[in-house]
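What follows is a single structure, written as structure tokens, with notes after it.
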Amino acid sequence: MFQKQTLFSTTCLLLLFHLFNLQTLSAQGAGTQDNGFILRITIDGMITEYPYGDCGWGYSTGWGGSVTEDICSTIQWLRPDSLGCDTTVTSQNLSGKWALVRRGACDFSLKAYNAQQAGADAVIIVNHYNDPTQNGCTITNMSGGAHAADVTIPAIFVGRTIGELINTALNAGKSVQTCFVFPRMYNAVAAYHYATPVSQVDTLANIGVRFVNRDVAPVSNVIIRADVREPNGNVTTLTTTLGEVAAGLDTFVYLPAYLPPAILGRFEVTYSNNIYTESRDTLFRSFYHTPYTFASDNLTVDPGGVATTDENFVAANFQQQSGSLYITGPNGAVARYATFGIANAADIAGTGADEITAILYDGDPDDDGVIDFSGGFTDLDNLPGGQVGFGTYTMTGLEPVDSLITIELSDFTTGGPIMLKARHPYYLSLLYNGSNGTTGKDIAFSASTDELYLNFPTTPLYLDQLYSGYAGATLIQRLQLEGYPANLVSVKPTLLDASKVAVAPNPAQDQFRLDINLAQVNDIVTVSLIDRTGRFVSTQTLKNFQSGQLTFNVRALPPGAYLVQVSTNEGTTMRKVVVSH
């Protein structure tokens with residue numbers, strides 16, 4: 026299903042699939058999840074609104090009541106100590122009100138359950154500053170506890186900034202109204218990636234937004250509008266009109282295609298409509314034209330990075346893969362570097378699993394004008410036939426947390442810069458193999474807050490798939506073009522002389538041999554076979570090794586293109602090998 030579509034129609038399907046998943050969370054009974062509502066706080070007539078995510082709110086994972094319609098009430102602290110761990114709070118009468126509770130001393134579900142027993146209609150749990158890595162915007166998605174199954178009221182988590190806003194007003198004797206409200210427009214999208222090199226600017230055919238008729242009757246002549254403020258101050262207005270929208274209908278609306286001027290700077294897009302005009306119904310997105318950088322993140326590093334859960338890391342055999350899709354402009358380009366960040370290098374370096382591999386894939390290796398999805402939305406089996414370049418980085422443990430690292434990429438065939446085709450899709454993928462490590466700890470790649478796109482999955486995807494981010498974040502995995510300043514490059518990897526590694530036969534049917542002849546004895550040589558989806562099929566560690574032959578049995582492997590990575594003290598190289606039964 027949907028195995029081969031045109032570039033843009035495939036990406037539209039991906040977005041619709043992602044949005045459908047978001048909307049069905051509450052129907053699955055998953056707790057007070059990201060059902061699309063906004064936290065609204067009103068103090069003395071002043072309204073502030075917060076979406077799900079950083080500087081907004083976090084949900085209760087698998088517990089708590091679902092939010093299915095707009096709800097509002099006043100809020101007050103849960104007494105006697107605002108922690109909500111003491112069952113004596115049930116003597117407090119919070120009937121018809123919401124409870125404000127501090128984090129700490131007991132699990133989240135007990136706090137929410139005690140607030141519920143006191144009569145509260147909903148509960149907001151406020152973060153603390155006990156952890157030096159946290160700030161006023163830091164939030165978490167709350168795991169359950171012993172009383173998770175007993176909580177029926179909505180429960181969310183907010184950072185200290187929101188908590189201090191409410192507390193200051195309450196201390197001043199002001200009434201604070203809190204609401205969960207649903208926007209009538211949401212999930213606005215604009216560019217194909219947040220940052221695009223100015224040389225790669227092309228027409229944007231995917232500017233749009235979801236519109237929901239939340240009235241009980243149809244609405245007619247709905248005008249959806251996007252105002253694009255360009256870096257030079259000029260504003261271009263895009264509009265489209267919906268003749269009639271049935272009651273309750275939730276639909277994605279495309280605006281006319283837009284060719285932004287090829288100038289450097291930030292483009293700001295404001296989305297509005299003529300039916301719903303509250304602040305919650307005006308949305309904002311932006312994108313950026315850079316000198317040389319493709320980026321799916323928003324060019325701002327959130328502290329701490331993101332990693333998969335321990336369970337997912339173990340289930341994936343201690344391996345992680347990510348990927349971001351970039352689309353070139355009408356003139357093509359030359360790719361030179363990859364940029365990423367690591368939040369926990371000090372915890373991983375020296376454990377035996379120190380290397381990060383960057384691979385650039387051709388997203389349309391057969392040049393038929395479509396991105397090849399051979400197994401559904403996220404199975405990218407055909408991509409590895411188009412590996413075009415690679416780079417490696419070895420962690421030292423001295424990397425500052427979340428400092429960005431830029432490494433050189435090399436063409437698989439020429440060993441030089443990578444020539445990119447015009448109007449063509451490419452995936453930059455980061456691979457990490459922690460199976461040889463002594464801690465079993467997953468790497469935490471640096472990230473920005475989540476960015477929604479029309480052209481690739483933004484849901485949590487793990488090994489064998491490519492993802493741009495998860496847990497409300499978009500990973501930093503930027504592709505740098507020719508001209509990117511050399512003084513900003515962190516490390517130029519030492520490439521192993523091509524003559525020192527040979528693969529035969531290639532293509533291989535049942536097995537192939539890898540001949541390695543190094544200039545001197547190396548303390549450790551690591552040889553990995555990487556399959557079509559980025560999985561490290563096998564890894565061998567050779568100690569005190571200089572020359573020899575390794576045999577790989579590939580009889581049981583599916584046909585396709587594989588990579589052999591050889592890492593030595595003298596340098597690193599990768600070779601393609603085709604398995605053809």
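According to my numbering, the stretch in the sequence shown is residues 26 to 606, in order. All C-beta atoms, glycine included, are put in the ideal place defined by N, C-alpha and C.
At the level of alpha carbons, what is the spacing between residue i and residue j?
i	j	result
Gln-225	Ala-194	49 angstroms
Asp-608	Phe-365	In the structure as shown, the chain begins at 26 and stops at 606. Residue 608 is therefore absent and cannot be evaluated.
Glu-507	Gly-411	21 angstroms
Val-260	Ile-191	37 angstroms
Leu-289	Leu-267	34 angstroms
Trp-123	Ser-168	20 angstroms
Gly-375	His-449	39 angstroms
Ala-544	Val-526	12 angstroms
Val-326	Glu-269	42 angstroms
Phe-312	Ala-447	21 angstroms
Ala-341	Phe-470	17 angstroms
Ala-230	Ala-216	8 angstroms
Thr-93	Asp-275	14 angstroms
Leu-38	Asn-155	Confidence is the limiting factor: at Leu-38 the pLDDT is only 32, short of 50, which leaves the residue's position unreliable, though a coordinate-based value still follows. Taking the straight line joining both Cα atoms gives about 43 angstroms.
Pro-328	Ala-320	18 angstroms
Leu-284	Asn-569	58 angstroms
Thr-112	Gln-142	9 angstroms
Asp-322	Ser-120	44 angstroms
Where does residue i sit, in a helix, a strand or coil, going by DSSP?
i	result
Ser-454	strand
Tyr-138	helix
Asp-427	coil
Ser-224	helix
Gly-400	At Gly-400 the pLDDT is 41, less than 50, meaning the model places this residue with poor confidence and gives no usable figure here.
Lys-601	strand
Asn-512	helix
Asp-372	helix
Val-552	strand
Ala-523	helix
Pro-409	With a pLDDT of only 48 at Pro-409, under 50, the local geometry of the prediction cannot be trusted, and no value is derived from it.
Phe-277	strand
Ala-173	helix
Ser-116	helix
Gly-133	The amino acid occupying residue 133 in the given sequence is Phe; Gly does not appear at that position. Note: Phe-133 maps to helix in three-state DSSP.
Leu-434	coil
Ser-460	coil
Gln-536	strand
Ile-501	coil
Met-444	strand
Ser-471	strand
Ser-91	coil
Gly-161	coil
Tyr-154	coil
Gln-101	strand
Asp-252	strand
Asn-547	strand
Gly-61	coil
Tell me whether residue i is buried or exposed, calling it buried when 16 or more other Cβ atoms sit within 10 Å of its Cβ.
i	result
Asn-212	buried
His-606	exposed
Gln-344	buried
Val-589	buried
His-153	exposed
Asp-475	buried
Leu-408	Because the pLDDT of Leu-408 is 48, which lies under 50, any placement of that residue in the model is unreliable, and the number read from its coordinates should be weighed accordingly. Buried, since its Cβ has 16 or more Cβ neighbours within 10 Å.
Pro-222	buried
Asp-146	buried
Gln-565	exposed
Phe-561	buried
Val-3	No answer is possible for residue 3: the residues shown for the chain start at 26 and end at 606.
Ser-245	exposed
Thr-262	exposed
Leu-103	buried
Using a Cβ-Cβ distance under 7 angstroms, would residue i count as near chain D?
i	result
Tyr-217	Protein chains in the displayed structure number just one, and chain D is not present.
Any heavy atom of the ligand SAM closer than 6 angstroms to the beta-carbon of residue i?
i	result
Gly-508	Looking for the ligand SAM in the displayed structure turns up nothing, as the structure carries no ligands at all.
Whole alpha helix (DSSP H) elements within the segment 284-370, 4-residue minimum:
The qualifying runs are 335-340.
For the segment 555-581, which segments carrying the beta strand (DSSP E) assignment without a break, of at least 3 residues, lie completely within its bounds, in sequence order?
561-578
Does the segment 576-586 touch the segment 533-540, meaning 3 or more C-beta pairs lie closer than 8 angstroms?
yes
Runs of alpha helix (DSSP H) lying entirely within the segment 175-227, each at least 4 residues, in chain order:
Complete alpha helix (DSSP H) runs here, min 4: 185-196.
With a cut-off of 8 angstroms, do at least 3 Cβ pairs link the segment 82-89 to the segment 125-140?
yes
Taking three-plus beta-carbon pairs below 8 angstroms as touching, is the segment 433-441 in contact with the segment 331-342?
no
Looking at C-beta atoms only, is the number of pairs between the segment 54-73 and the segment 194-203 that lie closer than 8 angstroms three or more?
They touch, by the three-pair rule.
Cβ contact (3+ pairs, closer than 8 angstroms) linking the segment 239-254 and the segment 293-300
yes
Within the chosen definition, does the segment 417-426 reach the segment 387-394 through at least 3 CB pairs nearer than 8 angstroms?
no
Cβ contact check for the segment 303-313 and the segment 344-356: 3 or more pairs under 8 angstroms:
no
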